[in-house]
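Participant:
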Amino acid sequence: MSQEKLTGIREDFPLLKKGWIYLDNTAKAQTPRKVLDAMHRYYTEIGANVHRGLHTLSLEASKLYDEAHSKVEKFIGARKGEVAFTLNTTHAINIVASSIDWKRGDEIVTTVMEHHSNFLPWLRLRKFGVKVRVVDISDQGFINVDQLRNSLTERTKLVSVAHVSNVLGVINPLEEIREIIDESDASPYFLVDAAQSVGHVEFSVRDFSPDFLAFSGYKGLMGPTGIGGLYYRRDVWEEIEPALLGGGTPRSVDSEGYELMDPPASIEAGTPNIAGAIGLSAAVEYVSEIGIRRIEKKERELTSEILDGFERLKEGGVKVEYYGPGLDHLESRIGVISFNLGGKDPHDVARAMSSFKICLRSGHHCAMPLAMRLGITRGSVRASLHVYNTMEEIETFLTSLKEVYDLV
Ligand SMILES: Cc1ncc(COP(=O)(O)O)c(C=O)c1O
Numbered sequence: 003m004s005q006e007k008l009t010g011i012r013e014d015f016p017l018l019k020k021g022w023i024y025l026d027n028t029a030k031a032q033t034p035r036k037v038l039d040a041m042h043r044y045y046t047e048i049g050a051n052v053h054r055g056l057h058t059l060s061l062e063a064s065k066l067y068d069e070a071h072s073k074v075e076k077f078i079g080a081r082k083g084e085v086a087f088t089l090n091t092t093h094a095i096n097i098v099a100s101s102i103d104w105k106r107g108d109e110i111v112t113t114v115m116e117h118h119s120n121f122l123p124w125l126r127l128r129k130f131g132v133k134v135r136v137v138d139i140s141d142q143g144f145i146n147v148d149q150l151r152n153s154l155t156e157r158t159k160l161v162s163v164a165h166v167s168n169v170l171g172v173i174n175p176l177e178e179i180r181e182i183i184d185e186s187d188a189s190p191y192f193l194v195d196a197a198q199s200v201g202h203v204e205f206s207v208r209d210f211s212p213d214f215l216a217f218s219g220y221k222g223l224m225g226p227t228g229i230g231g232l233y234y235r236r237d238v239w240e241e242i243e244p245a246l247l248g249g250g251t252p253r254s255v256d257s258e259g260y261e262l263m264d265p266p267a268s269i270e271a272g273t274p275n276i277a278g279a280i281g282l283s284a285a286v287e288y289v290s291e292i293g294i295r296r297i298e299k300k301e302r303e304l305t306s307e308i309l310d311g312f313e314r315l316k317e318g319g320v321k322v323e324y325y326g327p328g329l330d331h332l333e334s335r336i337g338v339i340s341f342n343l344g345g346k347d348p349h350d351v352a353r354a355m356s357s358f359k360i361c362l363r364s365g366h367h368c369a370m371p372l373a374m375r376l377g378i379t380r381g382s383v384r385a386s387l388h389v390y391n392t393m394e395e396i397e398t399f400l401t402s403l404k405e406v407y408d409l410v
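Going by my numbering, the residue at position 379 of the sequence shown is 381; the numbering climbs one at a time, nothing skipped.
Structure follows, in structure tokens:
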């Protein structure tokens with residue numbers, strides 16, 4: 003895609019024409035016209051179910067749905083048949099948590115920075131006798147890798163870590179964690195929560211060979227809500243029986259039992275989100291046309307401007323404190339910047355910023371253990387970026403913060 007395309011990119015997003023400064027991309031990104039058009043076409047020109055009919059419309063729906071799998075697989079470096087569509091990251095992680103055959107005494111290693119969706123499914127297993135070990139982070143948000151190494155025992159069955167924190171923006175060292183897992187006696191499964199990396203950080207699953215990787219379609223990828231994915235290594239999934247079964251999953255059934263289809267069909271029980279998958283397919287095409295490297299570069303420039311701006315605000319007497327890696331570790335973070343303004347309530351700050359048409363998130367960001375670890379029990383305000391954000395928007399954000407500091 004040409005440079006002109008990056009300049010004119012905002013034209014692709016209907017909502018951005020309405021004067022909002024949208025800095026809540028970690029919660030949900032805006033959706034480009036291309037995605038909306040693909041979904042509209044499905045509903046107005048096809049509208050049939052997939053893999054359930056031999057009429058032309060059903061065949062066309064199945065073709066687009068299958069193509070969506072191939073596009074997403076290619077995008078994350080997976081092989082054919084290694085991605086199942088899910089509702090979102092939460093659904094994907096819960097499929098894994100409920101499908102593994104846990105035994106009393108099995109252990110799970112995760113970290114204190116995780117989103118609740120990569121925490122609660124593991125904590126829930128405690129009632130079946132599974133032990134959960136939680137690895138700490140440094141004050142700047144880096145995983146304590148030595149502690150992670152020492153947490154692995156011969157009973158560790160799974161290590162589950164976010165690729166990128168939705169609060170700190172820190173990119174975790176997945177290749178190093180893979181090596182640690184490979185050196186351990188128990189060969190646990192490795193699950194990566196890629197909710198905040200896909201669409202923002204260039205990666206292939208071949209880089210760190212996860213056994214599972216969960217993601218959502220509507221964040222970095224700018225697709226619709228209600229669609230996400232679960233990558234699984236084919237050989238690994240052969241050891242596991244999916245916990246959710248029903249229409250679309252069996253090859254044959256009689257009153258004595260059933261034989262399942264190969265994945266992904268065996269994992270995608272019931273009628274899938276067909277329009278969502280087709281929208282996601284268009285979204286992956288859109289992001290690929292821009293290029294992840296350019297998205298990363300743009301977001302890093304804007305992040306640098308925000309962190310610099312915070313330093314200038316401090317010099318001007320505004321008490322601003324942010325969490326996660328600083329300017330000296332820009333390469334280890336993406337454009338998710340959580341902060342507090344002096345002792346001001348984060349919700350009051352976000353509400354006041356909204357009166358300037360600036361969209362931010364406030365609170366715990368579904369990561370309460372992390373808020374406690376950071377000692378910010380009331381949470382923080384979060385600004386999060388995507389490729390369509392501009393330097394002018396960042397300047398307005400910084401000036402408005404100063405006004406809000408004086409007002410609230
Ligand atoms: C790191 C991380 N994991 C998991 C999730 C859950 O994603 P979803 O709500 O799409 O299931 C989020 C959502 O923000 C997230 O940031």
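Ideal Cβ positions, reconstructed from N, Cα and C, are used throughout, including at glycine.
Source: prediction; values computed, not measured.
For ligand 1, enumerate in chain order all residues having a CB closer than 5 Å to any of its heavy atoms.
Facilitator: Qualifying residues come out as ASN90, THR91, THR92, HIS117, SER119, ALA164, ASN168, ASP195, ALA197, GLN198 and SER218.
Participant: Tell me the DSSP secondary structure of MET240 in three-state form.
Facilitator: A small fix is needed here, since residue 240 is Glu in this sequence, not Met. Coil, per DSSP.
Participant: Please tell me whether ILE183 and VAL161 are closer than 8 Å, where the distance is taken between their beta carbons.
Facilitator: Going by C-beta atoms, ILE183 is nearer than 8 Å to VAL161.
Participant: Sorted by chain position, which residues of the same chain lie with C-beta nearer than 6 Å to SER186's C-beta, five sequence neighbours on each side aside?
Facilitator: Here the set comprises LEU154.
Participant: In whole angstroms, what is the alpha-carbon distance linking ALA188 and VAL136?
Facilitator: Taking the straight line from one Cα to the other gives about 18 Å.
Participant: Suppose you measure from the CA of TRP104 to the CA of ILE23; what does that come to, to the nearest Å?
Facilitator: When rounded, the distance between both Cα atoms is 46 Å.
Participant: Need the endpoints of the alpha helix (DSSP H) that LEU18 sits in, please.
Facilitator: Segment: none, LEU18 is in no alpha helix (DSSP H) and carries neither H nor E.
Participant: For VAL111, count neighbouring Cβ atoms within 10 angstroms of its own Cβ and tell me buried if that reaches 16, exposed if not.
Facilitator: By the neighbour-count rule (16 or more Cβ atoms within 10 Å), VAL111 is buried.
Participant: Rounding to the nearest angstrom, what Cα-Cα distance links VAL406 and GLU13 in this structure?
Facilitator: In a straight line, the C-alpha of VAL406 is about 30 Å away from that of GLU13.
Participant: Nearest CA to the CA of ARG126: which residue from MET115, GLN142 and GLU109?
Facilitator: Selected option, being the one with the closest Cα: GLU109.
Participant: What would DSSP say about GLU397, mapped onto helix, strand or coil?
Facilitator: Residue state, collapsed to three classes: helix.
Participant: Could you give the DSSP three-state label for ILE292: helix, strand or coil?
Facilitator: Residue state, collapsed to three classes: helix.
Participant: Please identify the residue among SER257, GLY281, GLY249 and ASP256 whose C-alpha is closest to the C-alpha of ALA267.
Facilitator: The shortest C-alpha separation from ALA267 is found at GLY249.
Participant: So what's LEU409 in DSSP terms, helix, strand or just coil?
Facilitator: Of the three classes helix, strand and coil, the one that applies to LEU409 here is helix, per DSSP.
Participant: Could you compute how far the alpha carbon of ARG43 sits from the alpha carbon of GLY281?
Facilitator: C-alpha separation (whole angstroms): 10 Å.
Participant: For LYS299, does the three-state DSSP call read helix, strand or coil?
Facilitator: Three-state DSSP puts LYS299 in a helix.
Participant: Just checking my contact of ILE179 with GLY311 at CB under 8 Å: how many whole Å lie between their CB atoms?
Facilitator: Not confirmed; about 33 Å, so no contact.
Participant: Ends of the beta strand (DSSP E) at ILE110?
Facilitator: Looking at the DSSP string, the run of the beta strand (DSSP E) that includes ILE110 is 109-113.
Participant: Can you check DSSP and say which residues form a bridge with GLU185?
Facilitator: Answer by DSSP bridge pairing: none, since GLU185 is not bridged.
Participant: Put ALA285 into one of helix, strand or coil per three-state DSSP.
Facilitator: Residue state, collapsed to three classes: helix.
Participant: At 3 residues or longer, what runs of the beta strand (DSSP E) sit wholly inside the stretch 188-251?
Facilitator: Counting only runs of 3 or more, we get 191-195, 214-218 and 230-234.
Participant: Among LEU246, ALA40 and VAL383, which one has its Cα closest to the Cα of SER100?
Facilitator: Minimum Cα distance to SER100 is reached at LEU246.
Participant: Within the continuous alpha helix (DSSP H) that includes LEU66, where are the two ends?
Facilitator: Looking at the DSSP string, the run of the alpha helix (DSSP H) that includes LEU66 is 58-77.
Participant: Looking at C-alpha atoms only, which residue of SER290, HIS331 and PRO226 is the closest neighbour of PHE1?
Facilitator: Since the first residue shown for the chain is 3 and the last is 410, residue 1 is missing from the structure and cannot be characterised.
Participant: Evaluate contact between the stretch 80-97 and the stretch 294-311, counting only Cβ atoms and requiring at least three cross-stretch pairs below 8 Å.
Facilitator: The stretch 80-97, when compared against the stretch 294-311, does not touch it at the 8 Å Cβ threshold.
Participant: Would you check if there are 3 or more beta carbon pairs closer than 8 Å linking the stretch 342-358 to the stretch 170-177?
Facilitator: The stretch 342-358 is not in contact with the stretch 170-177.
Participant: For the alpha helix (DSSP H) that contains ALA385, what are its first and last residues?
Facilitator: That residue, ALA385, is in no alpha helix (DSSP H); its beta strand (DSSP E) goes 382-386.
Participant: Take PHE399 and list the residues in its own chain whose beta-carbon comes closer than 7 Å to its own, dropping the five residues that flank it on each side.
Facilitator: Excluding positions up to five away in sequence, the list reads ILE23, LEU25, ILE360 and ALA385.
Participant: Can you confirm whether the stretch 375-385 touches the stretch 225-244 when touching is taken to mean that 3 or more C-beta pairs between the two stretches lie within less than 8 Å?
Facilitator: No: the two stretches stay apart, fewer than three of their Cβ pairs being nearer than 8 Å.
Participant: Please classify PHE121: does DSSP put it in a helix, a strand, or coil?
Facilitator: PHE121 falls in the coil class under three-state DSSP.
Participant: Mapping the DSSP letters down to three states, classify GLU313 as helix, strand or coil.
Facilitator: The answer is helix: DSSP assigns GLU313 an H, G or I state.
Participant: List the residues that DSSP assigns as beta-bridge partners of LEU343.
Facilitator: Beta-bridge pairing links LEU343 to VAL322.
Participant: Starting from PHE87, follow its DSSP beta bridges and name the residues at the other end.
Facilitator: DSSP, once it has assigned bridges, lists GLY231 as partnering PHE87.
Participant: Just to confirm the assignment, what range does the beta strand (DSSP E) spanning LEU25 have?
Facilitator: Counting along the chain, LEU25 falls outside any beta strand (DSSP E), and DSSP gives it neither H nor E.
Participant: Identify the residues that DSSP records as bridge partners of ARG335: which are they?
Facilitator: Answer is VAL172.
Participant: Relative to the C-alpha of PHE192, which candidate in TYR67, VAL98, THR33 and TYR260 has its C-alpha closest?
Facilitator: Considering only alpha carbons, the answer is VAL98.
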